[in-house]
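> Going line by line, the protein sequences match chains A and B.
Quick note on the working numbering: the first sequence kicks off at 3 and runs consecutively.
Quick note on the working numbering: the second sequence kicks off at 3 and runs consecutively.
Protein chains: 2
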Amino acid sequence: MTTLIFGHQNPDTDAVTSAMSFAEYQRQLGNTDVEAVALGEMNPETQYALDYFKHATPRVVKTVANETDTVMLVDHNEFQQSVADIKDVTIAAVVDHHRIANFETAAPLFYRAEPIGSSNSVIYEMFQEKGFTISPQLAGLMASGIISDTLLLKSPTTTDVERKILPELAKIAGIDLQEYGLAMLKAGTNLAAKSDLEIVEGDAKSFDMGGQAVRIGQVNVVDLNEVYARQAAIEDTMKSEAEKNGYDTFLLIATDILNSDSTGFLFGKNQDKLEQAFGAKFDADHRLALPGVVSRKKQVVPPLQAAFEA
Amino acid sequence: MTTLIFGHQNPDTDAVTSAMSFAEYQRQLGNTDVEAVALGEMNPETQYALDYFKHATPRVVKTVANETDTVMLVDHNEFQQSVADIKDVTIAAVVDHHRIANFETAAPLFYRAEPIGSSNSVIYEMFQEKGFTISPQLAGLMASGIISDTLLLKSPTTTDVERKILPELAKIAGIDLQEYGLAMLKAGTNLAAKSDLEIVEGDAKSFDMGGQAVRIGQVNVVDLNEVYARQAAIEDTMKSEAEKNGYDTFLLIATDILNSDSTGFLFGKNQDKLEQAFGAKFDADHRLALPGVVSRKKQVVPPLQAAFEA
Chain A
3 MTTLIFGHQN PDTDAVTSAM SFAEYQRQLG NTDVEAVALG EMNPETQYAL
53 DYFKHATPRV VKTVANETDT VMLVDHNEFQ QSVADIKDVT IAAVVDHHRI
103 ANFETAAPLF YRAEPIGSSN SVIYEMFQEK GFTISPQLAG LMASGIISDT
153 LLLKSPTTTD VERKILPELA KIAGIDLQEY GLAMLKAGTN LAAKSDLEIV
203 EGDAKSFDMG GQAVRIGQVN VVDLNEVYAR QAAIEDTMKS EAEKNGYDTF
253 LLIATDILNS DSTGFLFGKN QDKLEQAFGA KFDADHRLAL PGVVSRKKQV
303 VPPLQAAFEA
Chain B
3 MTTLIFGHQN PDTDAVTSAM SFAEYQRQLG NTDVEAVALG EMNPETQYAL
53 DYFKHATPRV VKTVANETDT VMLVDHNEFQ QSVADIKDVT IAAVVDHHRI
103 ANFETAAPLF YRAEPIGSSN SVIYEMFQEK GFTISPQLAG LMASGIISDT
153 LLLKSPTTTD VERKILPELA KIAGIDLQEY GLAMLKAGTN LAAKSDLEIV
203 EGDAKSFDMG GQAVRIGQVN VVDLNEVYAR QAAIEDTMKS EAEKNGYDTF
253 LLIATDILNS DSTGFLFGKN QDKLEQAFGA KFDADHRLAL PGVVSRKKQV
303 VPPLQAAFEA
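(1) Is the number of C-beta pairs between the stretch 99-110 of chain A and the stretch 33-51 of chain A that are closer than 8 Å three or more?
(2) Compare the C-alpha of residue 11 (chain B) against each of B:26, B:84, B:50 and name the closest.
(3) Against residue 10 (chain B), what residues of chain A qualify as contacts under a CB-to-CB distance less than 9 Å, listed in chain order?
(4) Kindly indicate if chain B contains any beta-carbon less than 8 Å away from that of residue 101 (chain A).
(5) Under the assumption that residue 6 (chain A) contacts residue 37 (chain A) (Cβ atoms under 8 Å), give the Cβ distance between them as a whole number of angstroms.
(6) Quick one: which residues of the stretch 113-126 of chain B get their C-beta closer than 9 Å to a C-beta of chain A? List them in chain order.
(7) Take residue 221 (chain A) as the anchor and find which of A:228, A:106, A:255, A:242 has the nearest alpha-carbon.
(8) Looking at C-alpha atoms only, which residue of A:213, A:277, A:283, A:238 is the closest neighbour of residue 250 (chain A)?
(9) Using a C-beta to C-beta distance shorter than 9 Å, which residues of chain B count as neighbours of residue 69 (chain A)?
(10) If contact is defined by three or more beta carbon pairs under 8 Å, each pair taking one atom from either stretch, is the stretch 18-36 of chain A in contact with the stretch 123-130 of chain A?
(11) Check the C-beta distance from residue 8 (chain A) over to residue 51 (chain A) and give it rounded, since I have them as a contact under 8 Å.
(12) Where in the stretch 55-89 of chain A do unbroken runs of the beta strand (DSSP E), each at least 3 residues long, occur, reported from the N-terminal end onward?
(13) In chain B, what lies closer than 8 Å to residue 109 (chain A) by C-beta?
(14) Relative to the C-alpha of residue 238 (chain B), which candidate in B:268, B:217, B:259, B:211 has its C-alpha closest?
(15) Where do the ends of the beta strand (DSSP E) carrying residue 215 (chain A) lie?
(16) Can you check DSSP and say which residues form a bridge with residue 210 (chain B)?
(17) Applying a beta-carbon distance threshold of less than 8 Å, which residues of chain B neighbour residue 307 (chain A)?
(18) When DSSP labels each residue in this structure, what does residue 264 (chain B) get in the three-state scheme?
(19) So is residue 97 (chain A) buried or exposed if we call it buried at 16+ other beta carbons inside 10 Å?
(20) Quick one: does residue 131 (chain A) have its CB under 8 Å from some CB of chain B?
(21) Relative to the C-alpha of residue 19 (chain A), which residue among A:151, A:32, A:73 is closest?
(22) Which same chain residues, not among the five before or five after residue 206 (chain B), have their C-beta less than 7 Å away from its C-beta?
(23) Could you compute how far the alpha carbon of residue 243 (chain B) sits from the alpha carbon of residue 82 (chain B)?
(24) Helix, strand or coil, according to DSSP, for residue 312 (chain B) in the structure here?
(25) Contact criterion: CB-CB distance below 8 Å. Does residue 105 (chain B) meet it with respect to chain A?
(26) Which value, in whole angstroms, describes the spacing of the CA atoms of residue 139 (chain B) and residue 110 (chain A)?
(27) Taking only three categories from DSSP, how would you classify residue 298 (chain A)?
(28) Thinking C-alpha only, which one of B:229, B:208, B:292, B:293 is nearest residue 1 (chain B)?
(29) Count the CB pairs spanning the stretch 143-160 of chain B and the stretch 279-297 of chain B that are closer than 8 Å, and state whether there are at least three.
(30) Rounded to the nearest angstrom, how far is the Cβ of residue 292 (chain B) from that of residue 264 (chain B), given a contact under 8 Å?
(31) Of the choices A:32, A:3, A:278, A:286, whose alpha-carbon is the least far from that of residue 134 (chain A)?
(32) Can you pull the DSSP bridge partners for residue 37 (chain B)?
(33) On the DSSP bridge list, what partners appear for residue 257 (chain B)?
(34) To the nearest angstrom, how far is it from the Cα of residue 3 (chain B) to the Cα of residue 227 (chain B)?
(35) Spatial neighbours of residue 285 (chain A) within its chain, please: CB distance less than 8 Å, with the 5 preceding and 5 following residues excluded, ordered by chain position.
(36) To the nearest whole angstrom, what separates the beta carbons of residue 117 (chain A) and residue 112 (chain B), a pair I think is in contact under 8 Å?
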């Protein structure tokens, strides 16, 4: 049976392309019966990268146990961010760069995580350790994942590893890093092309924080005013999603990728915990200014976790 | 503050020596403020290895938050097998070769696990990837960990990795693998020198299986009759340990390392689940014959887990 390799739900560019790069790594290891798939449709940024490097869109799956008994996870480990029937299959391998939580296996497995900027960074190191080759197409896709996760090396999630390897990948791919990177990021920020639901849920992840079901969405923009103009409709959508799925707290972070600032929007409980976490108050328009915040993983989840578990 | 590096409670040779080898790996990475410690006293096998290679016995700690805020785990990840106050410190790194369960962090970390024979095997690969050097003394200690976990390459936990690297380490260490390996394993099987409590608890680990607290001990012997002669006292000890610590089920595996067979002893509930897991019945002497079973990780935990969760 074919081993399926996939990133998290609501796949972003690093989730999609690290499944592809880890699949290629497996093939060069000799495990040829692997397929990179995705747990949701491509967002516009990812589609831009796939089109640019002329790579087919991966197959989208909603369950896996109906077609395989073995999977490999990239760019996530928490079960609530994975495929719905993850507990019904064997997880043979994980490559990730997130915290570990709500994850367990019955048997030993391959697990490789590093506290660096993207899953593709980890996979690039693995290619180098084995002396495996990376095609120009794959290098472009891996670079796209790193650009996306680090906002072209501007996010605080960026490490020396990305500063070193992203130019190497760009060279193999034959792209101008600044030009391609900005074009790809901007392709993901076209708010006019996104429904309210896509803005709210397009990149959202679920977390268990001190027993509360916390949903955190993030949308990249080049002008926060475009989000403010749709705030009422966005809050209505957060409300209906929270009620439908049982979220206690829904936080949406709109991130200005040019100025590296964010604004937070909230539906649900625990406003006090959010304000405590960020040391700031929601204003009269019910917006929470988050200057300098661009990384959910590094600047949003840890302070929230601490506030919820205090 | 010094980062403490340690293996699991009831440390065995791989737990102790992989803390030492990972500490040396960190030093060669440039993290010089690290100390390999242990969560319990050395067993006779480990003491034999330390004496043979003239290495000091590591400091034993019962808690860590009183002296550091950062730790690294080797040869385990499950919190109930780790230091008592593990939740009060930051786990910066894990190197392991077990399943992952009851483990979580608030932040991204370095995690490296592979489904191979010992933690020292994983660390040896990491030394090779970086081109780091291994002293004869450290090579001997790493070889001892691999010999212990694989029963000198005879356990089914052995993989091609150990078959390749153990002779390499023996060469660096300047030892005859068969001669040293058997001497070290036999040093750990001197039942006459062990109290009933050391037999029962010396290598025991706790597991949550389907909501039941399952304790599984293992003792290596060269003659199972020595265990049978002390069965009544051993069962009394299992009973008192189970009652004191709230174990639902206490299973002790006595393993004949020369013939690669084991016998199981039980105190507590779930006899039906044990018999179902191994497809065998306890005999009139309340012994469970486990022919060919030598590995708790590979041949005991997975079938038990399946039986308890069925």
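Built from N, CA and C at the ideal position, the CB exists for glycine as well.
A quick look at the data gives this:
(1) no
(2) B:84
(3) Per Cβ cutoff of 9 Å: no residues; residue 10 (chain B) is ~14 Å from chain A at best.
(4) yes
(5) Sure, about 6 Å apart at Cβ, within 8 Å.
(6) 113, 114, 115, 116, 117, 118
(7) A:255
(8) A:213
(9) Under the 9 Å cutoff, chain B gives no residues; its nearest Cβ is about 23 Å from residue 69 (chain A).
(10) yes
(11) Not really, about 17 Å apart at Cβ, beyond 8 Å.
(12) 72-76
(13) Within chain B, the residues near residue 109 (chain A) are 101, 117, 304.
(14) B:268
(15) Segment 214-223, the beta strand (DSSP E) holding residue 215 (chain A).
(16) Bridge partners of residue 210 (chain B): B:215.
(17) 108
(18) Residue state, collapsed to three classes: strand.
(19) By the 10 Å Cβ count, residue 97 (chain A) comes out buried.
(20) Cβ-Cβ to chain B under 8 Å: yes for residue 131 (chain A).
(21) Residue A:151 is the option with its Cα nearest to residue 19 (chain A).
(22) 12, 217, 218, 219
(23) 16 Å
(24) coil
(25) yes
(26) 29 Å
(27) helix
(28) With chain B covering only 3 through 312, there is no way to say anything about residue 1 (chain B).
(29) yes
(30) 4 Å
(31) Ranking A:32, A:3, A:278, A:286 by Cα distance to residue 134 (chain A) puts A:32 first.
(32) B:6
(33) B:222, B:264
(34) 50 Å
(35) 291
(36) 6 Å
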